[in-house]
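In what follows, a single structure is set out as structure tokens and then discussed.
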């Protein structure tokens, strides 16, 4: 059976901005996503949470706002209004005042220009129903053929697949991924795996092909490594600097 991602993403090696073009603009903000598009990226990767009360799906990497904004506290304990008051410019002085965006805003801004890898974050304290909210947002914007949903949590992927089986999903993993996650994901139909790039070698690629899995990998900021991964057959290269990786790949 043809992997739906192969149909959606075509045959070339794709470059995705990791939280946007995050080497040049504040991660997970609209300027970073728009810059990735301007640099020629094929897509972006972003992180999503439901804020307090389930008001909105907001784009932020950490469970707390401390690292990338001028605020503090857990994202899922803050209302949308409280989150909108925060400055998400991180260490980028030129972007002072930029706000935490919503998934709706990202789809509206770049959804027709970029493929979007939505990573659903996992935390035992997160707002229930995040997976359904992501599915509803994808449907609302007609993005089912332009989105890939990923997570380090096999249970999150299982929950999402149950409410939107037509959208491809990807299992994120690293060297410390627990055996319990592997046991759960084994029973969840998934089209892709997302290993850290240092785990990718010929043996991994051979197994992925045998399992009919597309391999997308993160976070690749060295041009030479990007070329190696492309030669191995990796489909998606997730990077902080799309411009440099595109140049290395001759695009």
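Residue numbers (our numbering): 6 to 256. Beta carbons are placed, not taken as given, at the ideal position from N, Cα and C, and that holds for glycine. Keep in mind it's a predicted model, so treat the numbers as computed, not measured.
Quick one: Cα of residue 57 to Cα of residue 71, how far?
-> What you label residue 57 is simply residue 52 of the chain shown in a count that begins at 1. What you label residue 71 is simply residue 66 of the chain shown in a count that begins at 1. Each residue's alpha carbon lies about 16 Å from the other.
Any chance you could list the beta strand (DSSP E) runs of at least 3 consecutive residues sitting entirely within the stretch 62-126, in chain order?
-> Look at the stretch 62-126 and you find these whole runs of beta strand (DSSP E), each 3 residues long or longer: 62-64, 120-125.
Per-residue DSSP class, three states only, for residue 197 = If you number the chain shown from 1, residue 197 lands on position 192. Three-state result, residue 197: strand.
Secondary structure of residue 27, DSSP reduced to three states = Counted from its first residue, the chain shown places residue 27 at position 22. DSSP places residue 27 in coil when its eight states are reduced to three.
Closest to residue 158 by CA distance: which of 64, 183, 75 is it?
-> Translated into positions along the chain shown, residue 158 becomes position 153. Among 64, 183, 75, the Cα nearest to that of residue 158 belongs to 183.
Inter-residue spacing [alpha-carbon to alpha-carbon] between residue 239 and residue 18 = Reading the chain shown from its first residue, position 234 is the one you call residue 239. Reading the chain shown from its first residue, position 13 is the one you call residue 18. The C-alpha of residue 239 lies about 7 Å from the C-alpha of residue 18.
Spatially closest choice to residue 144 from 161, 112, 213, by CA coordinates | As a working note, residue 144 is residue 139 in the chain shown. When each option's Cα is compared against that of residue 144, the closest is 112.
CB contact flag (residue 248, residue 104, <8 Å) | Counted from its first residue, the chain shown places residue 248 at position 243. Counted from its first residue, the chain shown places residue 104 at position 99. At least 8 Å separates the beta-carbon of residue 248 from that of residue 104.
Among 20, 95, 148, the one whose alpha carbon lies nearest that of residue 108 | Start at 1 with the first residue of the chain shown, and residue 108 comes out as number 103. Comparing C-alpha distances from residue 108 to each of 20, 95, 148 shows the shortest one belongs to 148.
From the DSSP output, in three-state form, read off residue 156 for me.
-> Residue 156 sits at position 151 when you count from the first residue of the chain shown. Three-state DSSP puts residue 156 in a strand.
Could you give the C-beta distance for residue 136 and residue 164, rounded to a whole number, given that I count them as a contact under 8 Å?
-> For the purposes of this step, residue 136 is identified with residue 131 of the chain shown, where counting begins at 1. For the purposes of this step, residue 164 is identified with residue 159 of the chain shown, where counting begins at 1. Indeed they touch by this definition, with Cβ atoms about 4 Å apart.
Answer yes or no: do residue 153 and residue 197 have a C-beta to C-beta separation smaller than 8 Å?
-> Residue numbering aside, residue 153 sits at position 148 when the chain shown is read from its first letter. Residue numbering aside, residue 197 sits at position 192 when the chain shown is read from its first letter. Yes, they are a contact pair.
Continuous alpha helix (DSSP H) stretch holding residue 233: start and end = For the purposes of this step, residue 233 is identified with residue 228 of the chain shown, where counting begins at 1. For residue 233, the enclosing alpha helix (DSSP H) begins and ends at 228-237.
Are at least three pairs of beta-carbons, each pair with one atom in the stretch 89-106 and one in the stretch 117-137, less than 8 Å apart?
-> Result no; under three Cβ-Cβ pairs closer than 8 Å.
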